[in-house]
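> Using numbering that gives the first Met the number 0, the letters of the sequence shown correspond one by one to residues 0 to 196.
Let me begin by handing over the structure; questions about it come next.
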Amino acid sequence: MPAKVALQDTLTGLVFMNEKKCKVCKKAFNQFNSLQVVCDPKCALKHARTKEKERVNKLKAKQKDDVKSLLTRKNYMDKAQSAFNGYIRTRDLVEPCISCRTYSQDVQYHAGHFRTTKSQSGLRFHPMNCWKQCASCNNHLSGNILKYRVNLLKKLGQKWMDFLEKDYSPCHLNIEQLERLAVIYRKKKRLYERRFR
Ligand SMILES: [Zn+2]
Ligand SMILES: [Zn+2]
């Protein structure tokens, strides 16, 4: 680092410390004191604004991180599941209940898993394992699984059934993967919505 040269201007009496490059306009200026980093009041104002923006952005990023760390893995699982279920219901919008084949407008429709999320966590987010299902089949007939199977076989064929009826080792998704799934299925849902419009 070059040594600081203190020079006194003979006319004004001001002490010039060093030649510096202005942080804003990049022009050279004489530094009066070691804290000065800009050449004139105009650049000083710009510099202050930039600093303030940086401060605010940093604060916002920190708040976002704080919220994130408060959300537990369960929250991420719920978000991913709701994005996935929303996608399934939209994909199957014009389809009947996978089990009882009702088209009734008076019932609620869910996204019903063929292999349950409890028994096959690896198929939890697999779109071939989850179809639109009426609330009564989903809640009260625990999936109405026999009819579900008959209709799914008709729909997908034996190859997919073989895939779905295998047993898989339990799957533990981390927060990043769950976040990614939520993004993907929200996007896929929007694509279908556009198709149905
Ligand atoms: Zn400047
Ligand atoms: Zn049903």
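Don't be surprised by glycine CBs; every beta carbon is placed ideally from N, CA and C.
Note that the structure is predicted; figures quoted are calculated from it, not measured.
1) Using three-state DSSP, classify Lys158 as helix, strand or coil.
2) Within its chain, find whatever has a CB closer than 7 Å to the CB of Lys22; leave out the 5 residues flanking it on each side and keep chain order.
3) Please confirm whether any heavy atom of ligand 2 lies closer than 8 Å to the CB of Arg54.
4) Per DSSP, what kind of secondary structure is Gln80 in: helix, strand or coil?
5) What is the DSSP secondary structure of Ala2, reduced to helix, strand or coil?
6) Specify the secondary structure class of Cys129 as computed by DSSP and reduced to three states.
7) Near Lys20, what residues of its chain come up, given a Cβ to Cβ distance below 7 Å and the 5 sequence neighbours on each side ignored?
8) Hey, is Lys50 close to ligand 1, as in C-beta under 8 Å from one of its heavy atoms?
Put simply:
1) Residue mapping note: residue 158 aligns to position 159 of the sequence shown, counting from 1. Three-state result, Lys158: helix.
2) Your numbering for residue 22 matches position 23 in the sequence shown. Here the set comprises Val36, Val37, His46.
3) As a position in the sequence shown, residue 54 is number 55, starting the count at 1. Arg54 Cβ: outside cutoff for every heavy atom of ligand 2.
4) What you label residue 80 is simply residue 81 of the sequence shown in a count that begins at 1. Of the three classes helix, strand and coil, the one that applies to Gln80 here is helix, per DSSP.
5) Position 3 of the sequence shown holds residue 2. At Ala2 the pLDDT is 43, less than 50, meaning the model places this residue with poor confidence; the figure from the coordinates comes in the next sentence. In this structure, Ala2 counts as coil in the three-state DSSP scheme.
6) Position 130 of the sequence shown, counting from 1, holds the residue named residue 129. Three-state DSSP puts Cys129 in a strand.
7) As a first step, residue 20 must be located in the sequence shown, where it is residue number 21. Answer for Lys20: Ala27, listed in chain order.
8) Translated into positions along the sequence shown, residue 50 becomes position 51. Short note on Lys50: C-beta not closer than 8 Å to any heavy atom of ligand 1.
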